[in-house]
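In full-length UniProt numbering, the protein residues as written are 1 to 222.
Just below is one structure, and these are the notes that go with it.
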């Protein structure tokens, strides 16, 4: 189901004024754990930076032809109470093992300790979904009862019918393995496919919607 974004989604103005706040190598270097924040997670080649830039209408996250260069937790300020967080790209084969272990340790520490974390946007390449990392994130979300919204990125790489079939297949597998822990949608940064739906989810998690609109946001799938 694809739902129409409210005419004036309040996330839009905040995204347009989003600015870089701080980078953190460890949890104790993160900003004060207050307000609300949404984290973006995904394998290094899942299109995370492109998605962040498309959602914010800004060049917040650097894109690179060498996945895995983002080694820090990068925080972006929306306003005094709200932030977006770009988590380290994970799982790229050419990254040295010690660095992978460092990322894993601090990623887990962030996810398990951050009280202001309202939800996680998990990005999966639609052609290679449900990797080991994706499954770990779903396990964690199920255990912590924190919502996950899955963006099946690079949907423009498949024909429309094939993309919809991939969405249905991934949805079925997630429901079978993890229940209703996640909502899903198709997404393409260059085509701006699914941008409004994803922004609606962000607005709901960040406490920017009225009660009726929150119900719509929680049901976004498509």
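Positions of the beta carbon are idealized from the N, C-alpha and C atoms, including for glycine.
Check your understanding: So is residue 27 in contact with chain D if we call contact Cβ pairs under 9 Å?
Key -> Absence of chain D from the displayed structure is noted, only one protein chain being present.
**Study point:** Boundaries of the beta strand (DSSP E) in which residue 118 is found, first to last residue
**Key:** In the chain shown, the residue the question calls residue 118 occupies position 118. Run containing residue 118: 117–125, per the beta strand (DSSP E) assignment.
Review point. Less than 8 Å between the CB of residue 194 and some heavy atom of the ligand SAM, yes or no?
Key: Judged by which ligands are present, the structure shown has none, so any question about the ligand SAM falls away.
Review point. Do you know offhand how far residue 66's Cα is from residue 54's?
Key: Your numbering for residue 66 matches position 66 in the chain shown. Your numbering for residue 54 matches position 54 in the chain shown. With a pLDDT of only 49 at residue 66, under 50, the local geometry of the prediction cannot be trusted, and no value is derived from it.
Check your understanding: If you follow the beta strand (DSSP E) that residue 269 is part of, which residue opens it and which one closes it?
Key -> Nothing about residue 269 can be read from this structure; the chain reaches only from 1 to 222.
Practice item. Indicate whether the contact test is met: 3 or more Cβ pairs, each with one atom in the stretch 32–46 and one in the stretch 173–191, closer than 8 Å. Key: Cβ pair count under 8 Å is below three, so no.
Point to revise | residue 123 to residue 156 span [Cα, whole Å] | key: Locating residue 123 in the chain shown gives position 123, counting from the first residue. Locating residue 156 in the chain shown gives position 156, counting from the first residue. Going by the C-alpha atoms only, they are around 15 Å apart.
Practice item. Return the bridge partner residues of residue 149 from the DSSP annotation. Key: Working through the chain shown from its first residue, we reach residue 149 at position 149. Note: residue 149 sits in a beta bridge opposite 121, 183.
Review point. Exposed or buried, which one is residue 210 when buried takes at least 16 other CB atoms within 10 Å?
Key: Reading the chain shown from its first residue, position 210 is the one you call residue 210. So residue 210 counts as exposed.
**Study point:** Buried or exposed (CB count within 10 angstroms, at least 16 for buried), residue 153
**Key:** Translated into positions along the chain shown, residue 153 becomes position 153. Flag for residue 153 reads buried.
Check your understanding: Using DSSP with H/G/I as helix, E/B as strand and the rest coil, what is residue 135?
Key -> To locate residue 135, count along the chain shown from 1; it is residue 135. Three-state DSSP puts residue 135 in a helix.
Review point. In terms of alpha-carbon separation, which member of 149, 9, 104, 146 lies closest to residue 132?
Key: Position 132 of the chain shown, counted from the first residue, corresponds to residue 132. It is 104.
Review point. To the nearest angstrom, how far is it from the Cα of residue 20 to the Cα of residue 32?
Key: Stepping through the chain shown from its first residue, residue 20 is reached at position 20. Stepping through the chain shown from its first residue, residue 32 is reached at position 32. Roughly 15 Å separates the two Cα atoms.
Check your understanding: What residue range is occupied by the uninterrupted beta strand (DSSP E) comprising residue 73?
Key -> Your numbering for residue 73 matches position 73 in the chain shown. Membership of residue 73 in the beta strand (DSSP E) is indicated by the continuous run 73–79.
Practice item. Could you tell me if residue 145 is buried or exposed, where buried requires 16 or more neighbouring beta carbons within 10 angstroms of its beta carbon? Key: The residue given as residue 145 occupies position 145 in the chain shown. It is exposed - the Cβ of residue 145 has fewer than 16 other Cβ atoms within 10 Å.
Check your understanding: Helix or strand or just coil, what does DSSP make of residue 228?
Key -> Nothing about residue 228 can be read from this structure; the chain reaches only from 1 to 222.
Check your understanding: Name the DSSP bridge partner or partners of residue 193?
Key -> Locating residue 193 in the chain shown gives position 193, where the first residue counts as 1. Per DSSP, 188.
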